[in-house]
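K.L.:
Mind having a look at this structure? Questions to follow.
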Amino acid sequence: MLDKEGYRPNVGIILTNSRKQVFWGKRIREHSWQFPQGGIKHGESPEQAMYRELHEEVGLLPEHVEIIGRTRNWLRYTVPDHWIRREWRGSYKGQKQIWFLLKLVGRDCDVSLRATEHPEFDAWRWNEYWVPLENVIDFKREVYKQALGELAKLLFSRNDPRRLPKGDHWELAEKTEETQEKPEST
359 MLDKEGYRPN
369 VGIILTNSRK
379 QVFWGKRIRE
389 HSWQFPQGGI
399 KHGESPEQAM
409 YRELHEEVGL
419 LPEHVEIIGR
429 TRNWLRYTVP
439 DHWIRREWRG
449 SYKGQKQIWF
459 LLKLVGRDCD
469 VSLRATEHPE
479 FDAWRWNEYW
489 VPLENVIDFK
499 REVYKQALGE
509 LAKLLFSRND
519 PRRLPKGDHW
529 ELAEKTEETQ
539 EKPEST
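Residues 359 to 544 (the working numbering) are what the sequence shown spells out, left to right.
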């Protein structure tokens, strides 16, 4: 299911623990780490897709998490041509995502990377909220910066020094509402 511009509707998940660290999953047989994410199926709302993907990729159920918030608008990334399946070339451009910020209210032992027949991760870890993104595939980095930047305001108090990134590797792009597409309700 692609929108008229060639972007596939998708959800991204930033899962935090009680120490405000974030969950990172290592892609099977790869050296890249990422947040859980996945496509929105026809007839699904972004929230329904988020819970489905959370279970498929991390093994967590709705009772294991609390929704803290979500991005106001779709965030997009374009996939380079050499990463696009041959049958999708010409119509598929990338993903547009609604990002959810979740708090784990269950326990670490509730995480199961083998909850489904087709696992996507073979390892996971907790990291500080702001970590360098060099282990994230390059074409997704800007969307990660945008999602982390927007959602940090919901996780950290105004006076918490963790609210803002530190270091040269974090140059958050400020997007205006006028340049972002509003999510359609499904």
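Note that beta-carbon positions come from the ideal geometry of N, C-alpha and C, so glycine has one too.
This structure is a prediction, so every number in the text was calculated from the model and none was measured.
#1: Are the Cβ atoms of E508 and W457 separated by less than 9 angstroms?
#2: Quick check on L419: buried or exposed, where buried means 16 or more other Cβ atoms within 10 Å of its Cβ?
#3: Quick one, are the C-beta atoms of Y409 and K498 less than 9 angstroms apart?
#4: Can you tell me which of Y502, K362, E415, E402 puts its alpha carbon nearest to the alpha carbon of H476?
#5: Using 10 angstroms around the beta-carbon of E486, count the other beta-carbons present and answer buried if the total reaches 16, otherwise exposed.
#6: So, at 6 angstroms on beta carbons, what are the nonlocal neighbours of P523 in its own chain, with the 5 sequence-adjacent residues on each side left out?
#7: Counting C-beta neighbours from all protein chains within 10 Å, is the total for N517 16 or more, i.e. buried, or is it exposed?
#8: Looking only at C-alpha atoms, which of T374, A407, F514, R444 sits nearest to W482?
#9: Applying the 10 Å Cβ sphere with the 16-neighbour rule, what's the burial state of R443?
#10: Taking the alpha helix (DSSP H) that Y502 falls in, what are its first and last residues?
#11: Please go through the same chain and pick out, in chain order, the residues whose beta-carbon is closer than 7 angstroms to the beta-carbon of R385, but skip the five residues on each side of it.
#12: If you pair each beta-carbon of the stretch 364–382 with each one of the stretch 458–472, do three or more pairs fall below 8 angstroms?
#13: If you draw a straight line from the alpha carbon of E405 to that of H440, how long is it in whole angstroms?
#14: Have a look at Y502, R428, P367 and flag the residue whose alpha-carbon is nearest the alpha-carbon of I398.
#15: Can you tell me whether L513 is buried or exposed? The criterion is at least 16 other CB atoms within 10 Å of its CB, across all chains shown.
#16: Where do the N-terminal and C-terminal ends of the beta strand (DSSP E) with Y435 fall, by residue?
#17: Which value, in whole angstroms, describes the spacing of the CA atoms of D449 and P438?
#18: Roughly how many whole angstroms lie between the Cα atoms of G347 and G383?
P.N.:
According to the structure shown:
#1: Numbered from 1 along the sequence shown, position 150 holds the residue referred to as residue 508. Numbered from 1 along the sequence shown, position 99 holds the residue referred to as residue 457. Contact flag set, yes.
#2: As a working mapping, residue 419 is identified with position 61 in the sequence shown. Per the 10 Å Cβ criterion, exposed.
#3: Translated into positions along the sequence shown, residue 409 becomes position 51. Translated into positions along the sequence shown, residue 498 becomes position 140. Contact: no.
#4: By one-based count along the sequence shown, residue 476 stands at place 118. Out of Y502, K362, E415, E402, E415 has the C-alpha closest to the C-alpha of H476.
#5: Working through the sequence shown from its first residue, we reach residue 486 at position 128. That one is exposed.
#6: Residue numbering aside, residue 523 sits at position 165 when the sequence shown is read from its first letter. Cβ within range, chain order: W488.
#7: Here residue 517 corresponds to residue number 159 of the sequence shown, with the count starting at 1. Flag for N517 reads exposed.
#8: Position 124 of the sequence shown, counted from the start, is the residue given in the question as residue 482. Among T374, A407, F514, R444, the Cα nearest to that of W482 belongs to T374.
#9: The count along the sequence shown starts at 1 and reaches residue 443 at position 85. Exposed.
#10: Taking the first residue of the sequence shown as position 1, residue 502 is located at position 144. From DSSP, the alpha helix (DSSP H) with Y502 extends over 499–513.
#11: Here residue 385 refers to the residue found at position 27 of the sequence shown. Excluding sequence neighbours, R385 sits near Q392, E478, F479.
#12: yes
#13: In the sequence shown, residue 405 corresponds to position 47, counting from 1. In the sequence shown, residue 440 corresponds to position 82, counting from 1. Each residue's alpha carbon lies about 31 angstroms from the other.
#14: The residue given as residue 398 occupies position 40 in the sequence shown. The option with the nearest alpha carbon to I398 is P367.
#15: Indexing the sequence shown from 1 puts residue 513 at position 155. Burial call: buried.
#16: Position 77 of the sequence shown, counted from the first residue, corresponds to residue 435. Run containing Y435: 433–436, per the beta strand (DSSP E) assignment.
#17: As a first step, residue 449 must be located in the sequence shown, where it is residue number 91. As a first step, residue 438 must be located in the sequence shown, where it is residue number 80. Residue 449 is actually Ser in this sequence, not Asp. Answer to the nearest angstrom: the Cα atoms are 13 angstroms apart.
#18: Given a span of 359 to 544 for the chain in the structure shown, any question on residue 347 remains unanswerable.
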